[in-house]
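K.L.:
Numbering (full-length UniProt numbering), first residue to last: 1 to 279.
Submitted below is the structure of interest, expressed as structure tokens.
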Amino acid sequence: MENDAQSQLPQNSNLDHSNEKINVNRTIKILEYKGLLWTCALREICLIALWLPLGALIFCYVTASIFQSDDIHETHCRVYNVVPSISAITGISPQRYVWRICIAYHLGPRLLIGSLYYNYHKERTSHITEEKVRNQAIKLGDACYWLNLLELFALTGVTYVSNRENYFVHEKIFIVFMVASLLHMLCRARVGSIGSEAVEPVRTNKLVWILFYLAIAATIGLIIFFLRHRLLCRPLAFTWFSICEYILATTNMAFHAIVVRDLPLHQIQVVCPDRQKVN
């Protein structure tokens, strides 16, 4: 009996020691995260920001094609059309309200991502030793930030001013959106590769160049088929215009979604400030 009791003593002491370690670790964890009210991975926010317009676009296309086919296929020249444009499926009711709500919730994360990218490029270009190259990279980073804001404002305008309400204003805002998005892609691709002798290129830079060239090709096709439809009234010209428009929208969404690869481990946190008495 004595031997059994003696053999159990070390086991109990080991258990007490392990419990003490667990309590210490818990205390350290509580102290470490004291004041942290909320945290969320940047990846999750970016994916939500991507799925809002994409999901709304799919919903508008499917429901409009099923229930309002005649309205969305009506064109200026009244020629045969198969694929409706984005403006057509998001300009009718009730799809317009779903689209506008999703874009409204999409704008907040996009503004946040634009600011994060601005600081990301600023930190990256600060390591470039050559002054001329560093200044050029800083200017490109600033251009990316302001072009992103212009693109967002144009997206807001083209969303809330539909082609059925005011076609002239809608068309002009859409042109601003296309130009701003293409210039944004170009500046982003340039700033990601500049100064590669001193700093490592941005990991998604090749993908950005591919998306940029694809967007350029879609834009050229969009202009050509729009003129063929508007001036010559060729059948299916508006269908090909709409296909190019969908390709352009998809490349734009993919361009803004690659932040999950550039900043995969970043988090957004809300921290409670220190409660100190102010004299």
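Virtual Cβ for every residue (Gly too), placed ideally from N, Cα, C.
(1) For a minimum of 4 consecutive residues, which ranges assigned as the alpha helix (DSSP H) are wholly contained in the region 73 to 146?
(2) On the DSSP bridge list, what partners appear for V271?
(3) With respect to 7 Å, is the separation between the Cβ of A189 and the closest non-hydrogen atom of the ligand PLP below this value?
(4) Please classify E151: is it buried, with 16 or more other beta-carbons within 10 angstroms of its beta-carbon, or exposed?
(5) Using the beta-carbon count (16 or more within 10 Å), is R78 buried or exposed?
(6) Residues bridged to A41 by DSSP?
(7) Taking all protein chains shown into account, decide if N279 is buried (16 or more other Cβ within 10 angstroms of its Cβ) or exposed.
(8) Report the three-state DSSP secondary structure of V191 (helix, strand or coil).
(9) Whether or not the region 185 to 193 and the region 206 to 217 are in contact is what I'm after, with contact meaning three or more pairs of Cβ atoms, one per stretch, closer than 8 Å; do they touch?
(10) Going straight from the alpha carbon of V169 to that of T63, what length do you get?
(11) Give me, in chain order, the residues of the same chain whose beta-carbon lies closer than 7 Å to that of M253; leave out the 5 immediate sequence neighbours on both sides.
(12) Got a sec, what are the start and stop residues for the alpha helix (DSSP H) L211 sits in?
(13) Can you tell me whether DSSP reads S181 as helix, strand or coil?
(14) Taking one C-beta from the region 232 to 250 and one from the region 66 to 86 each time, how about it: are there three or more such pairs within less than 8 Å?
P.N.:
The answer reads as follows:
(1) 86 to 90, 95 to 125
(2) L36
(3) No copy of the ligand PLP appears in this structure; indeed no ligand is present at all.
(4) buried
(5) exposed
(6) Assignment of beta-bridge partners to A41 by DSSP yields Q267.
(7) With a pLDDT of only 46 at N279, under the threshold of 50, the placement of this residue in the model should not be trusted, and no figure is reported.
(8) helix
(9) yes
(10) Going by the C-alpha atoms only, they are around 26 Å apart.
(11) L50, P53, L54
(12) Taken as a continuous stretch (DSSP letters only), the alpha helix (DSSP H) holding L211 covers 205 to 232.
(13) helix
(14) yes
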